[in-house]
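Numbering (the numbering used here), first residue to last: 2 to 426. Heads up, the beta-carbon is just placed ideally off N, CA and C, and yes, glycines get one too. Encoded as structure tokens, the structure appears first; notes follow it.
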Ligand code: SF4
Ligand code: SF4
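Here you go:
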């Protein structure tokens, strides 16, 4: 890393020793999981580059944007509408983290039995190792699960720029009204932060930029229906993860380039795994960078992942926002419509998610589903039981695994996943 970056990190208040240690661990993990794999699409080189510069060049770009007057908004959830952020001349970045850090410090402010995702986000703050968090002008916390809701009360004491957004828990008319009121309130907060008034043209352009990104990812997901699979689940997950950090236009171009390559692979019947390799859909909790443990175990146990029913996957990108409206009011309605369809397990009841898992199994010709629940994540762990029953009743094999970010359970998970894959053959 250049000295430039070190002074940049220092200016953001990072703990350079802790940050060096984090980058060292991440770099080794990334090399072992990704860089040693064969037969990856050439276009994935772009994503390898982004990952190698995720705390370097990308942060430099964001800081340059700030100097030019743009604001950075950080988020922990796909309910935060990027369309509004872009329309307000701000950049949205994801803040969820997928690695344990500063656990001892975290457990002084959060109970031990908090899900790994929340603990990790706090660890990155308390350990002073996240340049995105430190660069953000506004951090949006959303009232989704109970863990996050209460954690934001504690986070408020650690940061000076937390904005809390309420999120409905029921898909009723009243629930939609709440989301609409909260999106309007967020629009006003984003305008106050940036000093930009969101007009019809700005909002339309924001919608178009985000739709283009989602369209590219839809194209990528559709190509994974091919047998042999033209891309691994690990690589597809990486693209989804990068979407939370990268410049949206550049990201869209990079994904489309990979898709061009995959189309050629499919035409030539070339795949990353042999034809008829058991195919699985992974469903459940989001996998933030560098949470690659589960897909890595699956794809080194004889199966290929052909879809992710997750917020770092289809739950986060399905459905476009209608850009036909000719007023801010009409476009805001379209944004509310699009986000109200997100089938997070915080909703009760949540039948759409089950329907979506079944639809994905059909569309990607999956042989089974692996349900991934983070330990102590009540919404997804609770929901995994009826989801498993419903899939089993329809003859769709499912394996439920509960895990966290540690590597202690790798051996045990591998044994269970290998047995499941063997059963799918
Ligand atoms: S799982 Fe729910 S709370 Fe988590 S990012 Fe997705 S929508 Fe947000
Ligand atoms: S993984 Fe579960 S408990 Fe953790 S933040 Fe997401 S919904 Fe909440």
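How many angstroms separate the CA atom of residue i from the CA atom of residue j?
i           : j           : result
residue 428 : residue 234 : An answer regarding residue 428 cannot be provided, because it is not within the stretch 2 to 426 covered by the chain.
residue 15  : residue 238 : 28 Å
residue 84  : residue 211 : 6 Å
residue 176 : residue 121 : 30 Å
residue 191 : residue 241 : 25 Å
residue 10  : residue 26  : 18 Å
residue 7   : residue 172 : 47 Å
residue 215 : residue 128 : 33 Å
residue 187 : residue 133 : 20 Å
residue 228 : residue 270 : 8 Å
residue 417 : residue 293 : 17 Å
residue 157 : residue 75  : 14 Å
residue 203 : residue 79  : 21 Å
residue 247 : residue 24  : 18 Å
residue 125 : residue 243 : 18 Å
residue 307 : residue 380 : 24 Å
residue 300 : residue 286 : 18 Å
residue 113 : residue 119 : 11 Å
residue 371 : residue 195 : 43 Å
residue 1   : residue 61  : In the structure as shown, the chain begins at 2 and stops at 426. Residue 1 is therefore absent and cannot be evaluated.
residue 136 : residue 63  : 8 Å
residue 352 : residue 154 : 30 Å
residue 209 : residue 200 : 14 Å
residue 230 : residue 259 : 14 Å
residue 21  : residue 30  : 14 Å
residue 97  : residue 77  : 5 Å
residue 92  : residue 207 : 11 Å
residue 108 : residue 382 : 22 Å
residue 390 : residue 402 : 15 Å
residue 223 : residue 245 : 20 Å
residue 5   : residue 51  : 18 Å
residue 32  : residue 58  : 19 Å
residue 47  : residue 257 : 12 Å
residue 342 : residue 332 : 16 Å
residue 151 : residue 329 : 33 Å
residue 384 : residue 349 : 10 Å
residue 309 : residue 213 : 20 Å
residue 28  : residue 182 : 43 Å
residue 298 : residue 374 : 15 Å
residue 162 : residue 407 : 30 Å
residue 55  : residue 34  : 17 Å
residue 357 : residue 392 : 12 Å
residue 86  : residue 164 : 13 Å
residue 148 : residue 111 : 10 Å
Just to check my reading of the structure: residue i and residue j have Cβ atoms closer than 8 Å, yes? What is that Cβ distance to the nearest angstrom?
i           : j           : result
residue 378 : residue 116 : 4 Å
residue 304 : residue 388 : In fact, because the Cβ distance is near 19 Å, the residues do not count as touching under 8 Å.
residue 139 : residue 72  : 7 Å
residue 302 : residue 205 : Their Cβ separation, rounded to whole angstroms, is 46 Å, which puts residue 302 and residue 205 out of contact at 8 Å.
residue 404 : residue 376 : 7 Å
residue 19  : residue 130 : 5 Å
residue 283 : residue 291 : Rounded, the Cβ-Cβ distance is 16 Å, inconsistent with contact.
residue 281 : residue 368 : 7 Å
residue 90  : residue 197 : 5 Å
residue 146 : residue 347 : 5 Å
residue 39  : residue 226 : Contact doesn't hold; Cβ gap of about 23 Å is too wide.
residue 143 : residue 168 : 5 Å
residue 94  : residue 141 : Their Cβ separation, rounded to whole angstroms, is 11 Å, which puts residue 94 and residue 141 out of contact at 8 Å.
*asked:* If contact is defined by three or more beta carbon pairs under 8 Å, each pair taking one atom from either stretch, is the region 317 to 329 in contact with the region 90 to 106?
replied: no
*Pick out every residue whose C-beta is nearer than 6 Å to a heavy atom of ligand 1: which are they, in chain order?*
78, 79, 80, 145, 146, 287, 312, 343, 345 and 347
_Just to confirm the assignment: which complete beta strand (DSSP E) runs, minimum length 3, are found wholly within the region 60 to 126?_
72 to 76 and 91 to 95
*Would you call the region 257 to 267 and the region 329 to 345 in contact, with 3 or more CB pairs under 8 Å?*
no
*What alpha helix (DSSP H) runs, 4 residues minimum, are completely inside the region 125 to 149?*
132 to 136
_I'd like to know if the region 387 to 403 and the region 360 to 373 are in contact, where contact means that at least 3 CB-CB pairs between them fall below 8 Å._
yes
*Please go through the region 323 to 347 and give each complete alpha helix (DSSP H) segment of 4 or more residues, from N-terminal end onward.*
329 to 341
*Counting pairs of beta carbons, one from the region 43 to 62 and one from the region 268 to 278, are three or more of them closer than 8 Å?*
no
*Length-filtered (3 minimum) beta strand (DSSP E) runs lying within the region 262 to 324*: 280 to 285 and 305 to 310
*Can you find at least 3 beta carbon pairs, one from the region 66 to 76 and one from the region 218 to 234, that sit closer than 8 Å?*
no
*Three or more C-beta pairs closer than 8 Å, one from the region 323 to 332 and one from the region 247 to 257: is that the case here?*
no
*If you scan the region 180 to 243 from start to end, which runs of the alpha helix (DSSP H) of 4 or more residues do you find wholly inside it?*
201 to 224 and 234 to 243
*Ignoring anything shorter than 4 residues or poking outside the region 372 to 405, list the alpha helix (DSSP H) runs there in chain order.*
379 to 394
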